[in-house]
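Below is one structure, written out as C-alpha coordinates, with a few remarks after it.
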Amino acid sequence: MSAVEREAASPPETMVGVTGTPCRSLVTPWGDVTSLGEGPDSTVSWYIAAEDRWHPPADEPAVRQQRVDGTPVIETRVRIPDGDAVQRVWSVPDLGGLTVIEVENESPLPFAVAFAGGRVLTERPPADVPIKGIELPAGSIVLPVGHRSSIRVALPHDPSRIGTWALPTLVPAMAVVRGWLTVVHRASRVVLPDAGLADALTAARCDLLLLGPVESASDPVGFLLDVAELARLGDDADAWMPDIVEPIAAIARSDDPEADGALAACERLAMAAGDDRATGDIASLRARRVRDGRVASDGPGRPASFSDVRRGASVGRFVMQIEQRIADGGRLLTAGIPRRWLGANFEVHRIPTATRSTVSFAVLLPQDRRPLPVPPHGDLQHLTAPGVDPDWSTDEASGEALWAAPPQPTRIGVSIDLG
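Heads up, the sequence shown is in our numbering, so the first residue is 293 and it goes up one at a time.
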(Lines of atoms letter the chains of each structure in order from A; the text may use other names.)
(Lines give C-alpha, C1' and ligand atoms only; values in the text may rest on other atoms or scores of the structure.)
Protein backbone atom coordinates (compact mmCIF):
# COMPACT_ATOMS: atom_id res chain seq x y z
CA MET A 293 0.00 0.00 0.00
CA SER A 294 1.41 3.38 -0.97
CA ALA A 295 1.67 6.30 1.45
CA VAL A 296 -1.24 8.02 -0.32
CA GLU A 297 -3.41 4.90 -0.13
CA ARG A 298 -2.51 4.38 3.51
CA GLU A 299 -3.32 7.98 4.37
CA ALA A 300 -6.76 7.60 2.77
CA ALA A 301 -7.43 4.36 4.66
CA SER A 302 -5.73 5.15 7.96
CA PRO A 303 -7.35 6.18 11.23
CA PRO A 304 -7.15 9.88 12.08
CA GLU A 305 -4.06 11.44 13.58
CA THR A 306 -3.60 11.54 17.34
CA MET A 307 -3.17 14.85 19.12
CA VAL A 308 -0.44 15.57 21.65
CA GLY A 309 -0.03 18.84 23.51
CA VAL A 310 0.15 20.73 26.78
CA THR A 311 -3.00 21.84 28.58
CA GLY A 312 -3.33 25.54 29.31
CA THR A 313 -1.14 26.45 26.32
CA PRO A 314 -1.65 26.55 22.53
CA CYS A 315 0.98 23.80 22.12
CA ARG A 316 -0.67 21.10 19.98
CA SER A 317 0.66 18.62 17.41
CA LEU A 318 -0.83 15.81 15.34
CA VAL A 319 0.88 12.43 14.96
CA THR A 320 0.06 10.25 11.95
CA PRO A 321 -0.31 6.47 12.33
CA TRP A 322 3.27 6.13 11.00
CA GLY A 323 4.82 8.82 13.20
CA ASP A 324 4.99 12.00 11.12
CA VAL A 325 4.44 15.02 13.38
CA THR A 326 2.65 18.26 12.44
CA SER A 327 2.80 21.22 14.82
CA LEU A 328 -0.34 23.34 14.97
CA GLY A 329 -0.32 27.04 15.70
CA GLU A 330 -1.16 30.51 14.50
CA GLY A 331 1.49 30.38 11.77
CA PRO A 332 1.91 27.84 8.96
CA ASP A 333 1.76 24.23 10.13
CA SER A 334 5.12 22.44 10.08
CA THR A 335 5.40 18.69 9.47
CA VAL A 336 8.42 16.57 10.39
CA SER A 337 8.79 13.15 8.74
CA TRP A 338 11.29 10.51 9.81
CA TYR A 339 13.22 7.81 7.96
CA ILE A 340 15.42 4.99 9.27
CA ALA A 341 18.66 3.94 7.53
CA ALA A 342 19.12 0.39 8.84
CA GLU A 343 21.72 -2.18 7.82
CA ASP A 344 19.63 -3.43 4.90
CA ARG A 345 18.04 -0.27 3.46
CA TRP A 346 16.14 2.94 4.16
CA HIS A 347 12.83 2.36 5.94
CA PRO A 348 10.26 5.15 5.34
CA PRO A 349 7.66 4.47 8.07
CA ALA A 350 4.86 5.84 5.87
CA ASP A 351 5.49 2.95 3.45
CA GLU A 352 6.44 0.15 5.83
CA PRO A 353 3.98 -2.72 6.41
CA ALA A 354 5.29 -3.55 9.91
CA VAL A 355 4.39 -0.31 11.71
CA ARG A 356 2.64 -0.53 15.08
CA GLN A 357 1.45 2.44 17.09
CA GLN A 358 -0.05 2.89 20.54
CA ARG A 359 -0.70 5.54 23.14
CA VAL A 360 1.38 4.82 26.25
CA ASP A 361 -1.18 3.91 28.94
CA GLY A 362 -3.78 5.86 26.95
CA THR A 363 -1.97 9.20 27.34
CA PRO A 364 -0.85 11.70 24.66
CA VAL A 365 2.56 10.02 24.54
CA ILE A 366 2.58 8.19 21.23
CA GLU A 367 4.84 5.20 20.55
CA THR A 368 5.41 4.06 16.95
CA ARG A 369 7.43 0.94 16.18
CA VAL A 370 9.01 0.16 12.81
CA ARG A 371 10.45 -3.29 12.19
CA ILE A 372 14.12 -3.33 11.15
CA PRO A 373 16.62 -6.23 11.00
CA ASP A 374 16.85 -7.95 14.42
CA GLY A 375 14.67 -5.43 16.23
CA ASP A 376 12.63 -2.23 16.15
CA ALA A 377 13.16 1.47 15.65
CA VAL A 378 10.92 2.97 18.33
CA GLN A 379 9.69 6.55 18.08
CA ARG A 380 7.98 8.33 20.97
CA VAL A 381 6.29 11.71 20.66
CA TRP A 382 5.11 13.97 23.48
CA SER A 383 4.79 17.68 24.24
CA VAL A 384 6.29 19.84 27.00
CA PRO A 385 5.76 23.54 27.89
CA ASP A 386 9.46 24.49 27.71
CA LEU A 387 10.45 27.39 25.42
CA GLY A 388 6.85 28.25 24.57
CA GLY A 389 5.95 24.65 23.81
CA LEU A 390 7.98 21.84 22.26
CA THR A 391 6.87 18.59 20.69
CA VAL A 392 9.59 16.07 21.43
CA ILE A 393 10.45 13.25 19.01
CA GLU A 394 12.58 10.49 20.51
CA VAL A 395 13.91 7.57 18.48
CA GLU A 396 15.24 4.53 20.32
CA ASN A 397 17.23 1.72 18.72
CA GLU A 398 15.92 -1.60 20.01
CA SER A 399 18.25 -3.65 17.84
CA PRO A 400 21.84 -4.92 18.21
CA LEU A 401 23.07 -2.87 15.25
CA PRO A 402 23.44 0.91 14.86
CA PHE A 403 21.29 2.84 12.41
CA ALA A 404 20.77 6.43 11.34
CA VAL A 405 17.54 8.41 11.42
CA ALA A 406 16.74 11.29 9.08
CA PHE A 407 14.27 14.08 9.80
CA ALA A 408 12.74 16.06 6.96
CA GLY A 409 10.39 19.03 7.00
CA GLY A 410 10.29 21.61 9.76
CA ARG A 411 13.43 22.72 11.55
CA VAL A 412 14.04 20.92 14.84
CA LEU A 413 16.17 21.40 17.92
CA THR A 414 18.79 18.67 18.35
CA GLU A 415 20.79 17.31 21.29
CA ARG A 416 23.95 17.29 19.20
CA PRO A 417 24.93 18.59 15.76
CA PRO A 418 23.57 16.49 12.87
CA ALA A 419 25.96 14.32 10.88
CA ASP A 420 27.77 16.37 8.25
CA VAL A 421 27.53 13.74 5.51
CA PRO A 422 25.52 13.60 2.29
CA ILE A 423 22.30 11.61 2.46
CA LYS A 424 22.50 8.71 0.01
CA GLY A 425 20.01 6.07 -1.03
CA ILE A 426 16.89 8.17 -0.55
CA GLU A 427 15.63 11.49 -1.87
CA LEU A 428 14.76 13.92 0.94
CA PRO A 429 13.86 17.62 0.90
CA ALA A 430 16.59 20.22 1.28
CA GLY A 431 17.41 20.92 4.91
CA SER A 432 16.90 17.31 6.05
CA ILE A 433 19.22 16.14 8.80
CA VAL A 434 20.67 12.76 9.78
CA LEU A 435 21.52 11.59 13.30
CA PRO A 436 23.29 8.33 14.21
CA VAL A 437 21.63 6.08 16.77
CA GLY A 438 23.83 3.48 18.45
CA HIS A 439 22.49 0.06 19.34
CA ARG A 440 20.29 0.12 22.47
CA SER A 441 20.50 3.93 22.62
CA SER A 442 18.26 6.84 21.67
CA ILE A 443 18.29 10.39 20.31
CA ARG A 444 15.86 13.29 20.68
CA VAL A 445 14.83 16.25 18.60
CA ALA A 446 12.04 18.76 19.23
CA LEU A 447 9.72 20.82 17.08
CA PRO A 448 9.25 24.35 18.53
CA HIS A 449 5.77 25.89 18.59
CA ASP A 450 7.11 29.41 19.10
CA PRO A 451 10.36 29.76 17.09
CA SER A 452 10.69 33.37 18.26
CA ARG A 453 11.54 31.98 21.72
CA ILE A 454 14.44 29.94 20.36
CA GLY A 455 17.84 31.56 20.95
CA THR A 456 19.88 28.47 20.17
CA TRP A 457 18.82 25.35 18.30
CA ALA A 458 20.48 23.11 20.88
CA LEU A 459 17.88 20.99 22.68
CA PRO A 460 17.79 21.58 26.46
CA THR A 461 17.32 18.81 29.00
CA LEU A 462 13.64 17.83 29.04
CA VAL A 463 11.45 15.56 31.14
CA PRO A 464 11.37 11.98 29.82
CA ALA A 465 8.36 10.36 28.22
CA MET A 466 7.36 8.27 31.24
CA ALA A 467 7.36 11.34 33.50
CA VAL A 468 4.89 12.95 31.08
CA VAL A 469 2.79 9.76 31.14
CA ARG A 470 2.66 9.87 34.94
CA GLY A 471 1.67 13.54 34.85
CA TRP A 472 -1.24 12.87 32.51
CA LEU A 473 -2.42 9.92 34.60
CA THR A 474 -2.36 12.06 37.74
CA VAL A 475 -4.65 14.56 36.02
CA VAL A 476 -7.16 12.10 34.57
CA HIS A 477 -7.38 10.11 37.80
CA ARG A 478 -8.71 13.18 39.59
CA ALA A 479 -12.10 12.31 38.15
CA SER A 480 -12.18 8.54 38.64
CA ARG A 481 -9.81 5.63 38.26
CA VAL A 482 -10.38 2.09 37.08
CA VAL A 483 -7.99 -0.85 37.19
CA LEU A 484 -9.65 -3.51 35.07
CA PRO A 485 -8.78 -6.91 33.58
CA ASP A 486 -9.72 -5.26 30.28
CA ALA A 487 -6.74 -2.89 30.07
CA GLY A 488 -7.98 -1.64 26.71
CA LEU A 489 -11.12 -0.21 28.30
CA ALA A 490 -9.14 1.58 31.02
CA ASP A 491 -6.74 2.99 28.40
CA ALA A 492 -9.67 4.09 26.22
CA LEU A 493 -11.11 5.98 29.18
CA THR A 494 -7.75 7.69 29.78
CA ALA A 495 -7.32 8.49 26.08
CA ALA A 496 -10.79 10.03 25.88
CA ARG A 497 -10.20 12.25 28.90
CA CYS A 498 -6.81 13.39 27.58
CA ASP A 499 -8.38 14.24 24.23
CA LEU A 500 -11.08 16.24 26.00
CA LEU A 501 -8.45 18.25 27.87
CA LEU A 502 -6.64 19.02 24.60
CA LEU A 503 -9.63 19.49 22.27
CA GLY A 504 -12.36 20.84 24.55
CA PRO A 505 -16.09 20.03 24.53
CA VAL A 506 -18.34 19.36 21.56
CA GLU A 507 -20.45 22.20 20.17
CA SER A 508 -23.44 22.97 22.39
CA ALA A 509 -25.70 23.90 19.47
CA SER A 510 -25.39 20.52 17.76
CA ASP A 511 -25.17 18.32 20.87
CA PRO A 512 -26.33 20.07 24.06
CA VAL A 513 -26.35 16.83 26.08
CA GLY A 514 -22.81 15.99 24.97
CA PHE A 515 -21.64 19.54 25.67
CA LEU A 516 -23.00 19.49 29.22
CA LEU A 517 -21.43 16.10 29.91
CA ASP A 518 -18.12 17.32 28.46
CA VAL A 519 -17.86 20.49 30.53
CA ALA A 520 -18.88 18.63 33.69
CA GLU A 521 -16.14 16.11 32.98
CA LEU A 522 -13.62 18.91 32.44
CA ALA A 523 -14.47 20.22 35.90
CA ARG A 524 -13.90 16.75 37.36
CA LEU A 525 -10.48 16.80 35.68
CA GLY A 526 -9.52 20.06 37.37
CA ASP A 527 -10.93 22.79 35.12
CA ASP A 528 -12.41 25.85 36.83
CA ALA A 529 -16.04 24.83 37.40
CA ASP A 530 -17.17 28.41 37.98
CA ALA A 531 -15.84 29.50 34.57
CA TRP A 532 -18.19 27.03 32.83
CA MET A 533 -21.38 28.06 34.65
CA PRO A 534 -22.48 30.77 32.14
CA ASP A 535 -21.99 28.31 29.26
CA ILE A 536 -24.39 25.67 30.59
CA VAL A 537 -27.48 27.89 30.85
CA GLU A 538 -28.70 27.64 27.24
CA PRO A 539 -27.92 23.92 26.78
CA ILE A 540 -29.82 23.10 29.98
CA ALA A 541 -32.80 25.07 28.70
CA ALA A 542 -32.55 23.21 25.39
CA ILE A 543 -32.84 19.78 27.03
CA ALA A 544 -35.20 20.67 29.89
CA ARG A 545 -38.17 18.99 28.15
CA SER A 546 -36.15 16.47 26.17
CA ASP A 547 -37.04 12.79 26.22
CA ASP A 548 -33.43 11.88 25.46
CA PRO A 549 -32.63 9.07 27.95
CA GLU A 550 -29.20 10.64 28.55
CA ALA A 551 -30.58 14.09 29.37
CA ASP A 552 -30.98 13.34 33.07
CA GLY A 553 -27.41 12.06 33.22
CA ALA A 554 -26.29 15.38 31.74
CA LEU A 555 -28.39 17.32 34.26
CA ALA A 556 -26.99 15.24 37.14
CA ALA A 557 -23.48 16.05 35.90
CA CYS A 558 -24.39 19.74 35.77
CA GLU A 559 -25.73 19.58 39.31
CA ARG A 560 -22.34 18.25 40.41
CA LEU A 561 -20.67 20.99 38.34
CA ALA A 562 -22.72 23.68 40.09
CA MET A 563 -21.83 22.20 43.47
CA ALA A 564 -18.13 22.25 42.56
CA ALA A 565 -18.52 25.90 41.55
CA GLY A 566 -20.11 26.69 44.92
CA ASP A 567 -23.26 27.98 43.20
CA ASP A 568 -26.03 26.93 45.60
CA ARG A 569 -28.78 28.61 43.61
CA ALA A 570 -27.86 26.85 40.37
CA THR A 571 -27.51 23.55 42.24
CA GLY A 572 -31.03 23.92 43.62
CA ASP A 573 -32.50 24.98 40.27
CA ILE A 574 -31.01 21.98 38.48
CA ALA A 575 -32.18 19.62 41.23
CA SER A 576 -35.71 21.05 40.91
CA LEU A 577 -35.60 20.61 37.13
CA ARG A 578 -34.57 16.98 37.51
CA ALA A 579 -37.40 16.35 39.99
CA ARG A 580 -39.91 17.99 37.64
CA ARG A 581 -38.74 15.79 34.76
CA VAL A 582 -39.38 12.72 36.94
CA ARG A 583 -42.90 13.95 37.79
CA ASP A 584 -43.54 14.60 34.10
CA GLY A 585 -42.52 11.05 33.25
CA ARG A 586 -39.52 12.09 31.18
CA VAL A 587 -37.16 9.86 33.16
CA ALA A 588 -37.61 6.83 35.39
CA SER A 589 -37.97 7.80 39.03
CA ASP A 590 -34.96 5.66 40.02
CA GLY A 591 -32.55 7.29 37.58
CA PRO A 592 -31.62 7.35 33.91
CA GLY A 593 -32.06 4.49 31.49
CA ARG A 594 -30.60 1.13 32.49
CA PRO A 595 -27.13 0.54 31.09
CA ALA A 596 -26.34 -2.66 29.26
CA SER A 597 -22.98 -4.42 29.02
CA PHE A 598 -19.56 -2.84 28.56
CA SER A 599 -19.24 -4.39 25.12
CA ASP A 600 -21.86 -2.08 23.61
CA VAL A 601 -20.09 1.16 24.67
CA ARG A 602 -18.87 3.15 21.68
CA ARG A 603 -16.92 6.38 21.86
CA GLY A 604 -18.43 9.23 19.88
CA ALA A 605 -17.60 12.90 19.63
CA SER A 606 -18.61 13.63 23.23
CA VAL A 607 -16.07 12.32 25.72
CA GLY A 608 -18.36 13.10 28.65
CA ARG A 609 -21.06 10.84 27.18
CA PHE A 610 -18.51 8.02 26.75
CA VAL A 611 -17.32 8.40 30.35
CA MET A 612 -20.90 8.44 31.67
CA GLN A 613 -21.76 5.26 29.78
CA ILE A 614 -18.77 3.43 31.25
CA GLU A 615 -19.32 4.72 34.79
CA GLN A 616 -23.04 3.88 34.71
CA ARG A 617 -22.13 0.28 33.93
CA ILE A 618 -19.95 0.27 37.05
CA ALA A 619 -22.37 2.11 39.34
CA ASP A 620 -25.81 3.26 38.24
CA GLY A 621 -27.04 5.14 41.25
CA GLY A 622 -26.56 2.71 44.12
CA ARG A 623 -26.65 -0.35 41.84
CA LEU A 624 -23.18 -1.77 41.26
CA LEU A 625 -22.35 -3.70 38.09
CA THR A 626 -25.97 -3.83 36.93
CA ALA A 627 -25.13 -6.05 33.97
CA GLY A 628 -23.03 -8.36 36.13
CA ILE A 629 -19.31 -9.01 35.94
CA PRO A 630 -18.21 -9.44 32.32
CA ARG A 631 -17.26 -13.07 31.72
CA ARG A 632 -13.80 -12.11 30.50
CA TRP A 633 -13.16 -10.43 33.88
CA LEU A 634 -13.91 -13.57 35.91
CA GLY A 635 -10.84 -14.97 37.61
CA ALA A 636 -9.15 -11.57 37.91
CA ASN A 637 -9.12 -8.84 40.53
CA PHE A 638 -10.27 -5.34 39.64
CA GLU A 639 -10.93 -2.04 41.39
CA VAL A 640 -12.65 1.25 40.70
CA HIS A 641 -12.38 4.59 42.50
CA ARG A 642 -14.65 7.65 42.84
CA ILE A 643 -17.48 6.54 40.56
CA PRO A 644 -20.49 8.90 40.95
CA THR A 645 -23.55 7.33 42.55
CA ALA A 646 -25.50 10.52 43.24
CA THR A 647 -24.99 14.27 43.19
CA ARG A 648 -23.15 14.24 46.50
CA SER A 649 -21.61 10.78 46.64
CA THR A 650 -19.20 8.46 44.90
CA VAL A 651 -18.25 4.85 45.47
CA SER A 652 -14.95 3.00 45.32
CA PHE A 653 -14.66 -0.76 45.50
CA ALA A 654 -12.32 -3.63 44.75
CA VAL A 655 -13.44 -7.08 43.70
CA LEU A 656 -10.97 -9.72 44.86
CA LEU A 657 -11.19 -13.32 43.79
CA PRO A 658 -9.79 -15.85 46.24
CA GLN A 659 -10.94 -19.06 44.57
CA ASP A 660 -14.66 -18.60 43.90
CA ARG A 661 -15.58 -16.12 46.68
CA ARG A 662 -15.13 -12.39 46.36
CA PRO A 663 -14.60 -10.06 49.34
CA LEU A 664 -15.80 -6.61 48.41
CA PRO A 665 -14.46 -3.56 50.29
CA VAL A 666 -16.93 -0.72 49.65
CA PRO A 667 -15.80 2.75 50.81
CA PRO A 668 -18.21 5.40 49.46
CA HIS A 669 -17.50 9.12 49.59
CA GLY A 670 -20.07 11.77 50.45
CA ASP A 671 -23.66 11.07 51.47
CA LEU A 672 -24.36 7.47 52.46
CA GLN A 673 -26.32 5.50 49.90
CA HIS A 674 -28.03 2.12 49.78
CA LEU A 675 -25.87 -0.12 47.59
CA THR A 676 -26.94 -3.27 45.75
CA ALA A 677 -25.45 -5.49 43.05
CA PRO A 678 -28.48 -7.02 41.32
CA GLY A 679 -26.50 -8.28 38.34
CA VAL A 680 -23.99 -10.11 40.53
CA ASP A 681 -25.69 -11.10 43.80
CA PRO A 682 -29.39 -10.11 44.04
CA ASP A 683 -29.43 -10.90 47.77
CA TRP A 684 -26.60 -8.50 48.68
CA SER A 685 -27.11 -4.94 49.86
CA THR A 686 -25.52 -2.54 52.32
CA ASP A 687 -26.04 0.86 53.90
CA GLU A 688 -22.60 0.89 55.51
CA ALA A 689 -20.04 3.58 54.74
CA SER A 690 -17.35 0.91 54.25
CA GLY A 691 -16.86 -2.78 54.73
CA GLU A 692 -16.42 -6.15 53.08
CA ALA A 693 -18.92 -8.59 51.68
CA LEU A 694 -18.95 -11.99 50.01
CA TRP A 695 -20.88 -12.05 46.78
CA ALA A 696 -22.33 -15.29 45.48
CA ALA A 697 -20.08 -17.20 43.11
CA PRO A 698 -20.92 -16.69 39.42
CA PRO A 699 -22.75 -19.49 37.63
CA GLN A 700 -20.48 -21.92 35.85
CA PRO A 701 -20.78 -22.04 32.04
CA THR A 702 -22.81 -24.95 30.73
CA ARG A 703 -21.07 -27.46 28.48
CA ILE A 704 -23.02 -28.03 25.30
CA GLY A 705 -22.30 -30.99 23.06
CA VAL A 706 -22.56 -30.20 19.36
CA SER A 707 -22.54 -32.66 16.48
CA ILE A 708 -22.53 -31.59 12.86
CA ASP A 709 -23.76 -33.80 10.05
CA LEU A 710 -21.91 -32.86 6.88
CA GLY A 711 -23.63 -35.52 4.85
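All C-beta atoms in this analysis are idealised placements derived from N, C-alpha and C, irrespective of residue type, glycine included.
- Taking a 10 Å sphere around the C-beta of E427, we find fewer than 16 other C-beta atoms and assign the residue as exposed.
- Straight across, the Cα-Cα distance linking P348 with I540 is about 50 Å.
- Looking at the backbone, the Cα of P402 and that of C498 are separated by about 35 Å.
- The Cβ atoms of I372 and A342 sit closer than 8 Å to each other.
- When secondary structure is reduced to three states using DSSP, R497 falls in the helix class.
- For E550 and L624, the gap between their C-alpha atoms comes out near 19 Å.
- By the neighbour-count definition (other C-beta atoms within 10 Å, threshold 16), V483 is an exposed residue.
- In the DSSP assignment, G622 falls outside any beta strand (DSSP E), carrying neither H nor E.
- Where M563 is concerned, the enclosing alpha helix (DSSP H) starts and stops at 551–564.
- In this structure, G604 sits away from L517, with a CB-CB distance that is not shorter than 8 Å.
- Residue state for L502 is assigned as helix, using DSSP reduced to three classes.
- Between G431 and E507, the alpha-carbon positions lie close to 41 Å from each other.
- Judged by DSSP in its simplified three-state form, G409 adopts strand.
- In the three-state reduction of the DSSP assignment, G514 falls in the helix class.
- N397 is bridged by DSSP to A377.
- By the neighbour-count definition (other C-beta atoms within 10 Å, threshold 16), H674 is an exposed residue.
- Residues L484, P485, D486 of the same chain have their beta carbon placed closer than 8 Å to that of W633, with the five preceding and five following residues left out of the count.
- Across the structure, P630 and A596 are spaced so that their CA atoms are roughly 11 Å apart.
- A direct Cα-to-Cα measurement between T456 and G425 gives close to 31 Å.
- In summary, P512 is buried, with 16 or more beta-carbon neighbours lying within 10 Å of its beta-carbon over all protein chains present.
- Distance between E352 and D376, taken at the CA atoms: about 12 Å.
- Counted as a single uninterrupted DSSP element, the beta strand (DSSP E) harbouring T645 occupies residues 638–646.
- The beta-bridge partner set that DSSP reports for T368 consists of Q357, Q379.
- Proximity of the segment 550–563 to the segment 608–619 meets the contact definition, three or more beta-carbon pairs being nearer than 8 Å.
- The C-alpha of V355 is placed about 7 Å away from the C-alpha of W322.
- Here the alpha carbon of S480 sits roughly 45 Å from the alpha carbon of W346.
- Between A408 and P429, the beta carbon gap of about 5 Å places them in contact (Cβ cut-off 8 Å).
- In this structure, DSSP gives R444 an extended state, which the three-state scheme calls strand.
- In this structure, A406 places its C-beta atom within 8 Å of the C-beta atom of W338.
- Per DSSP, the beta-bridge partners of A654 are E639.
- Its chain contains T650 as the residues whose beta carbon lies nearer than 6 Å to that of P644, once the 5 sequence neighbours on both sides are disregarded; these appear in chain order.
- Beta-carbon to beta-carbon, V308 and T391 are separated by about 6 Å, close enough to satisfy the 8 Å threshold.
- With contacts defined as CB atoms closer than 8 Å, R581 and V587 qualify as a contacting pair.
- With respect to A495, R642 sits apart: the two C-beta atoms are not nearer than 8 Å.
- The beta carbon of P385 sits closer than 7 Å to those of V310, T313, C315, all from its chain and outside the five residues before and after it, given in chain order.
- Here L489 carries a helix assignment [DSSP, helix/strand/coil].
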